[in-house]
Amino acid sequence: MKNYKYRINEMMENLPIRLHRKASVIIPKKLNVSTATFSNYRNIQLNDIQDIPYEKVIMLEKLFSLKHGSLQNFTIDTPSIEILLNQDEKKSHSVTA
Numbered sequence: 001m002k003n004y005k006y007r008i009n010e011m012m013e014n015l016p017i018r019l020h021r022k023a024s025v026i027i028p029k030k031l032n033v034s035t036a037t038f039s040n041y042r043n044i045q046l047n048d049i050q051d052i053p054y055e056k057v058i059m060l061e062k063l064f065s066l067k068h069g070s071l072q073n074f075t076i077d078t079p080s081i082e083i084l085l086n087q088d089e090k091k092s093h094s095v096t097a
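Heads up, the sequence shown is in UniProt numbering, so the first residue is 1 and it goes up one at a time.
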């Protein structure tokens, strides 16, 4: 089973067949991309460095009536800027001490 970065195929498969075909034509037009580009978006794997532009992700979430951030099949773990600044400040103090 392929691990897709985004749930586009899952959302498409949830549509009835006749609507799936129409959606395959309508969605690329709405995103203002070619059908080939939309196909590429659908096939991005979790470990690929390729990504979908943020604006297009938001549009896809709205098209599929998804909550913000729920189109992706991954999470981004990063500390807050406050934590990073505190760590940097501690490093600066230990270097000058």
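Every residue, glycine too, gets a C-beta built ideally from N, C-alpha and C.
Candidates the options: closest to residue i by CA position
{"i": "residue 30", "options": "64, 71, 16, 17", "result": "64"}
{"i": "residue 70", "options": "79, 59, 78", "result": "59"}
Residue j beta carbon less than 9 Å from that of residue i
{"i": "residue 73", "j": "residue 3", "result": "yes"}
{"i": "residue 56", "j": "residue 33", "result": "yes"}
{"i": "residue 53", "j": "residue 38", "result": "no"}
Residues bridged to residue i [DSSP beta-bridge criterion]
{"i": "residue 54", "result": "In the DSSP output, where bridge partners are listed per residue, residue 54 has none listed."}
{"i": "residue 72", "result": "6"}
Would the region 41-51 count as touching the region 4-18 if we require 3 or more Cβ pairs under 8 Å? yes
Counting only runs of 4+ residues fully inside the region 5-48, write out the alpha helix (DSSP H) ranges in chain order. 8-13, 17-31, 35-42
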